[in-house]
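Here is the structure we will look at.
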Amino acid sequence: MLNFFQLILIYAGIYALMAIGQNCITGYTGMLSLCHAGFLCIGSYVTAIMCKTFGLSFWLSLPVAAIATGLIGLLIGIPTLRLKGDYLCIATLGLGEIIRNIATNLNPVGYNSIPRASLFGYQFASRNKFAFILLIWFFVLVFYILFQQLAHSRLGRAMIAVREDEVAAQSNGINVTKYKISSFVLGAAVGGIAGCFQTAYTLTVQPASFTFMVSVMVLCTVVLGGMGNAKAVILGAFIIQFISYFPQLTGLTNVIPAQAKQIIYGLLLVVMMLCRPQGILGRDRYRYGDPRTRKEKIHDFFSRPKKSAKGGNV
Amino acid sequence: MDTLTLYMQYIVNGLTLGAIYSLIALGYTMVYGILKFINFAHGDILMVGAFVGLLVYTALTGEAADPGVWTIIAFFIAMLISMGFSALLGVLIERVAYKPLRNANRLAPLLSAIGVSFILSNGAAWIFGTQSRRFPYPFANDPIRIGAIAITPHQIVIIAVSVIMMILLTFFVNKTRMGKAMRAASLDQATSMLMGINVNRVISLTFAIGSALAAVGGILASFDFRVYPSMGTMTGLKAFVAAVIGGIGNIQGAMLGGVLLGILEAVGAPLLHIPNSMRDTVAFAVLIIVLLVKPDGILGKNEREKV
Chain A
648 MLNFFQLILI YAGIYALMAI GQNCITGYTG MLSLCHAGFL CIGSYVTAIM
698 CKTFGLSFWL SLPVAAIATG LIGLLIGIPT LRLKGDYLCI ATLGLGEIIR
748 NIATNLNPVG YNSIPRASLF GYQFASRNKF AFILLIWFFV LVFYILFQQL
798 AHSRLGRAMI AVREDEVAAQ SNGINVTKYK ISSFVLGAAV GGIAGCFQTA
848 YTLTVQPASF TFMVSVMVLC TVVLGGMGNA KAVILGAFII QFISYFPQLT
898 GLTNVIPAQA KQIIYGLLLV VMMLCRPQGI LGRDRYRYGD PRTRKEKIHD
948 FFSRPKKSAK GGNV
Chain B
484 MDTLTLYMQY IVNGLTLGAI YSLIALGYTM VYGILKFINF AHGDILMVGA
534 FVGLLVYTAL TGEAADPGVW TIIAFFIAML ISMGFSALLG VLIERVAYKP
584 LRNANRLAPL LSAIGVSFIL SNGAAWIFGT QSRRFPYPFA NDPIRIGAIA
634 ITPHQIVIIA VSVIMMILLT FFVNKTRMGK AMRAASLDQA TSMLMGINVN
684 RVISLTFAIG SALAAVGGIL ASFDFRVYPS MGTMTGLKAF VAAVIGGIGN
734 IQGAMLGGVL LGILEAVGAP LLHIPNSMRD TVAFAVLIIV LLVKPDGILG
784 KNEREKV
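First to last, the sequence lines map onto chains A and B. For this note's numbering, add 647 to where a residue sits in the first sequence, where the first one is 1. For this note's numbering, add 483 to where a residue sits in the second sequence, where the first one is 1.
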């Protein structure tokens with residue numbers, strides 16, 4: 648039981664990191680990207696190769712992974728970010744698949760028995776979960792603060808302006824492409840760092856684990872919590888991981904089929920979109936098309952005749 | 484076999500693959516034409532169609548039937564039932580998951596579609612198990628040789644069925660009243676509503692037709708790929724790539740794009756001397772190149788975004 652709670656904490660931390668990155672891309676700048684699995688993959692491989700093949704320290708692989716993933720983000724960002732909404736989504740999805748495909752073809756088995764990370768002589772072994780929880784959540788906190796600061800900086804405000812209205816932002820002298828790319832690179836870099844921690848915890852890297860599913864789960868995390876809100880995203884990571892380990896927690900692994908969690912994710916996405924598209928902690932303030940306040944909306948919802956319900960703002 | 488015949492063989496294989504992509508791409512492109520959103524669940528409707536087809540077919544013929552007249556009839560009955568079921572499923576999904584979001588921002592229906600796709604593929608894995616099943620060939624599968632090129636009867640069936648479906652669809656869209664309504668709705672929804680077109684009905688019909696075609700595509704694809712719950716993801720994605728290559732929203736474009744992608748995929752790997760398992764990479768690389776060079780696709784009209 649405690650074991651699974653610790654697992655939830657560790658994976659919630661890894662997903663929180665990824666979701667912070669995704670939130671920077673989707674939440675702040677409003678670009679629907681679906682290649683966080685690819686970024687996670689690159690981060691994991693950098694750590695695996697640096698620690699195993701070159702015998703370097705895990706701590707050195709952190710910045711290298713961030714830079715490498717950021718660079719690849721830049722490389723794929725420059726051409727693709729000119730695309731709008733749905734096209735961007737598909738292009739990034741394709742890129743995520745390309746990254747996995749290349750990784751699979753280079754080395755289908757991946758890497759095993761990667762050396763452990765150590766700090767001042769203390770080794771982070773997989774069985775000592777508590778140390779890992781501290782390690783990962785320390786970094787979650789660091790990135791949370793960094794991105795919270797970013798949101799209020801000039802860069803962050805420009806990103807939000809791009810999200811709200813690209814044309815308006817451009818006419819106010821904001822270089823839309825530049826901010827889109829910076830947001831993409833930053834988001835990618837954090838995804839890479841999440842990959843480092845995942846490798847440090849599992850000590851194995853398998854290309855098969857970086858499927859499209861991971862990208863969707865990260866997106867689900869962000870949507871569930873509330874786009875553009877770093878706190879909400881961390882909450883989302885907890886919820887997602889809780890659902891993921893629910894069968895083990897309750898000891899009902901035999902009763903609940905393995906697919907149940909994915910079905911629940913799917914249901915969650917649909918229901919959230921239908922009922923609360925801004926996420927659990929999301930805010931209404933930036934939404935258009937409905938000038939009514941929440942109170943008026945609730946009032947209207949209960950008082951309006953059934954017939955006019957179609958096509959309303961949900 | 485010399486290189487030329489070898490490549491001719493690749494092209495024949497690519498053509499069959501492309502025909503399947505075209506059928507599936509039509510569903511994407513029709514929905515995009517009218518609703519301007521990517522129906523991510525389309526690939527999983529294909530999977531459901533393949534499963535329904537397989538179940539009906541095995542129910543009609545038994546596990547190991549020898550190919551004969553009855554298996555061919557059973558195959559087409561299975562295909563029709565699967566088309567009907569998928570059409571209903573498509574309409575139902577649209578009603579529940581997309582219709583309430585028609586006025587929401589553009590991210591919402593996309594995410595909702597991803598959710599539906601998850602529910603379908605994992606629901607199928609729950610019900611049918613994750614192991615893949617073989618769709619028994621309803622025809623004797625001895626390759627027919629034309630010169631040095633081998634073509635199997637099921638490849639001929641794939642191409643024939645796809646061509647018939649595409650002709651029927653083109654006829655429907657261009658010649659019938661409902662098809663005209665569909666074209667009108669994809670041009671301008673608000674105006675067509677003012678002209679007395681029941682847009683909701685048109686959208687339901689679009690989903691029904693698209694899903695039925697996906698079911699056909701799914702059944703035809705299962706000859707080559709086997710039937711398993713996640714079969715729709717990759718096939719669906721590539722069909723979407725095909726729709727984008729041809730120009731999304733354009734029906735002829737989807738047909739052209741599908742065939743083109745199939746051939747590029749089959750020829751690309753040997754031409755570039757990369758392992759055959761990299762063919763997905765070829766498909767996505769083509770997508771990205773097309774998006775960069777001509778985002779509106781080969782037959783798409785260049786539409787500038789209005790402020």
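No residue lacks a Cβ here, since even glycine has one placed at the ideal position from N, Cα and C.
- Those residues of the stretch 722 to 754 of chain B placed with their C-beta closer than 8 angstroms to a C-beta in chain A are Phe723, Val724, Val727, ordered along the chain.
- With a cutoff of 7 angstroms on beta-carbon distance, B/Thr635 and B/Pro626 are scored as near each other.
- B/Met513 counts as buried, since at least 16 other C-beta atoms from the protein chains shown sit within 10 angstroms of its C-beta.
- Within the same chain, and ignoring the five residues on either side of A/Thr751 in sequence, the residues whose Cβ sits closer than 6 angstroms to its Cβ are Pro854.
- DSSP places B/Arg628 in no alpha helix (DSSP H) but in the uninterrupted beta strand (DSSP E) bounded by 627 to 629.
- Between A/Met665 and the set A/Phe686, A/Met860, A/Tyr892, A/Met697, the nearest pair of CA atoms involves A/Phe686.
- Taking C-beta atoms as the reference points, A/Asn670 and B/Thr764 fail to come closer than 7 angstroms.
- Under a criterion of Cβ atoms nearer than 8 angstroms, the residues of chain B adjacent to A/Tyr734 are, in order, Val727, Leu774, Pro778.
- None of the residues of the stretch 678 to 701 of chain B has a beta carbon lying less than 7 angstroms from any beta carbon of chain A.
- Of all residues in the stretch 752 to 763 of chain A, only Asn752 come within less than 8 angstroms of chain B when Cβ atoms are compared, listed by chain position.
- In the displayed model, B/Ile597 falls within a helix according to three-state DSSP.
- B/His637 has its alpha-carbon roughly 47 angstroms from the corresponding atom of A/Ala884.
- At a C-beta separation below 7 angstroms, A/Val917 has these neighbours in chain B: Ala580, Ser595, Gly598, Val599.
- A straight line joining the alpha-carbon of B/Leu572 with that of A/Gly926 spans about 28 angstroms.
- Residue range 636 to 658 is occupied by the alpha helix (DSSP H) that includes B/Ile647, with no beta strand (DSSP E) assigned at that position.
- In this structure, the straight-line span from the alpha carbon of B/Gln492 to that of B/Ile632 is close to 6 angstroms.
- A/Ile927 carries a coil assignment under DSSP once its states are collapsed to helix, strand and coil.
- Residue nearest to A/Ile689 within the set A/Gly677, A/Val789, A/Glu744 is A/Glu744 (criterion: CA-CA distance).
- Considering only B/Gly745, B/Met761, B/Arg709, the residue with the shortest C-alpha distance to B/Ala726 is B/Gly745.
- Per DSSP, reduced to three states, the secondary structure at A/Gln770 is strand.
- Per DSSP, the unbroken alpha helix (DSSP H) holding B/Val685 starts and ends at 682 to 708.
- Identification of residues in the stretch 883 to 912 of chain A having a C-beta nearer than 7 angstroms to some C-beta of chain B yields Pro904, Gln906, Gln909, Ile910, Tyr912, given in sequence order.
- No Cβ of chain A is located within less than 7 angstroms of the beta carbon of B/Ser645.
- Separation of B/Leu594 and A/Asn775 (C-alpha to C-alpha, rounded to the nearest whole angstrom) is 37 angstroms.
- Closest by C-alpha distance to B/Leu770, out of B/His756, B/Leu720, B/Pro753, is B/Leu720.
- At a cut-off of 7 angstroms, the C-beta of A/Asn876 has no neighbouring C-beta in chain B.
- The three-state reading of DSSP puts B/Tyr711 in coil, since its state is none of H, G, I, E or B.
- Contacts with chain B (Cβ-Cβ distance below 8 angstroms) from the stretch 790 to 811 of chain A involve no residue at all.
- In the three-state reduction of the DSSP assignment, B/Tyr620 falls in the coil class, being assigned neither a helical nor a strand state.
- Residue environment: B/Ile555 is assigned as exposed (fewer than 16 neighbouring CB atoms within 10 Å of its CB, all protein chains considered).
- Contact note: A/Gly668 does not reach chain B at a C-beta cutoff of 8 angstroms; the least C-beta distance is about 18 angstroms.
- Neighbours of B/Trp553 in chain A, taken as residues at a C-beta separation under 7 angstroms, are lacking, since the least C-beta distance is about 36 angstroms.
- Using a CB distance cut-off of 7 angstroms, A/Ala684 does not count as an interface residue toward chain B.
- Close CB contacts of B/Tyr581 within its chain, under the 6 angstroms cut and outside five residues either way in sequence, are with Pro592 (chain order).
- Distance from the CA atom of A/Gly839 to the CA atom of A/Thr716, rounded to whole angstroms, is 5 angstroms.
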